[in-house]
Structure formats: structure tokens, C-alpha cells
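See below:
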């Protein structure tokens, strides 16, 4: 009798929660939306490596700032680039590099709904790599140049219709 009650209780629980972990099996047109809408957060974490709990053994900073600051900046030709994470509810780790000879120009932590200003050479071509701290998912921008006449504000939206063209990358490429 006790076993029958347990089996009936388990069936009722499974029926009530059968749609909690469902996701679409169709190939997503946009990887970012697939992570957000078609997969449960648990599976997104498994696919992307999970949340980053610390910064190489250190806690994440409370405010936006450099984790690695460039040592040799030219004195002329620098422009301000504001990395704007205000549209996201998760913190990001951003790396700015040169695409031809991968030289890291800056590594920046930006908390949710925050922004940070870096100074970079407007004459060079740049690549931005973004890591979502919440899921561990990593993205890379296409090479881009900045206009030499003004300063830039770049929203870090991880959606197809965002200002940056992003593609997902693996841990080795980050």
C-alpha cells in the first residue's frame, strides 16, 4: 500500500513538472537566443562551461575596471571607447586584442548594468572577446576599426540585432 502511494505521488509530480526542462530540438538560427530561450539555464551552463565563480582564485571586483591594463600605450592617437554593459543583467569579461598578431590590449571586468571606458589606438584594427560570467559562454567580434574623429560607445548586447557582429567561440579561442 505504501509503495502504491509512493508510485502515484511520483507520477503526479512528474506530470506536473514534465515541461520544466524541455527545449527545442530544432537548430537555432541565433546561438544567443538559443541559450536564452530554447534551453533551460542548466543546459546552457553545461554547454558553455558554467558560471565563473572567481577570477583565477580572486573574487570578482565590485565595480568595473581593468584586470589587465596595457603597459605601452602610444601617446598620440588614443581615443576613448566606452564598453557599455547596461543592457545586460549579467557581468562580462571583455578582452580587446589585435586580430593580426594576437596581442592583448586590455582585459576588463564590467558588472551587470555597468560600463567602463578604455583608451585605445584608433589607427589599429581591433577584436573584442566577451565572456558572460553567468553562463560562461564566450563570443568574439569581427575585426573593427574606430572612427578617428570621435570617441565611441559600444553596447555589449549579445543578440543578433546588436551593434556588434558576434560569433560563439570555445575556451581555447578566448
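Residue numbers (the numbering used here): 666 to 839. A virtual CB, placed ideally from N, CA and C, is assigned to each residue, including glycine.
Given that a residue counts as buried once 16 or more other Cβ atoms are within 10 Å of its Cβ, and exposed if not, what is residue 791? Looking up residue 791 in the chain shown gives position 126. Burial call: buried.
Looking at the structure shown, is residue 680 part of a helix, part of a strand, or coil, going by DSSP? Locating residue 680 in the chain shown gives position 15, where the first residue counts as 1. Helix.
Measure the alpha-carbon distance for residue 789 versus residue 773 and round it to whole angstroms. The sequence position of residue 789 within the chain shown is 124, counting from 1. The sequence position of residue 773 within the chain shown is 108, counting from 1. Residue 789 and residue 773: Cα-Cα distance of roughly 19 Å.
In the DSSP assignment, what residue or residues form a beta bridge with residue 747? Mapped onto the chain shown, residue 747 falls at position 82. DSSP, once it has assigned bridges, lists 782, 818 as partnering residue 747.
Start and end of the beta strand (DSSP E) containing residue 796? In the chain shown, the residue the question calls residue 796 occupies position 131. Here the beta strand (DSSP E) through residue 796 covers 792-797.
Looking at residue 821 and residue 720, is the spacing between their C-beta atoms short of 8 Å? Along the chain shown, one-based indexing puts residue 720 at 55. Along the chain shown, one-based indexing puts residue 821 at 156. In this structure, residue 821 does not lie closer than 8 Å to residue 720 by Cβ.
Residues bridged to residue 733 by DSSP? In the chain shown, counting from the first residue as 1, residue 733 sits at position 68. In the DSSP output, where bridge partners are listed per residue, residue 733 has 772.
Over the uninterrupted beta strand (DSSP E) stretch that includes residue 804, give me the two end residues. Start at 1 with the first residue of the chain shown, and residue 804 comes out as number 139. 803-806 is the extent of the beta strand (DSSP E) around residue 804.
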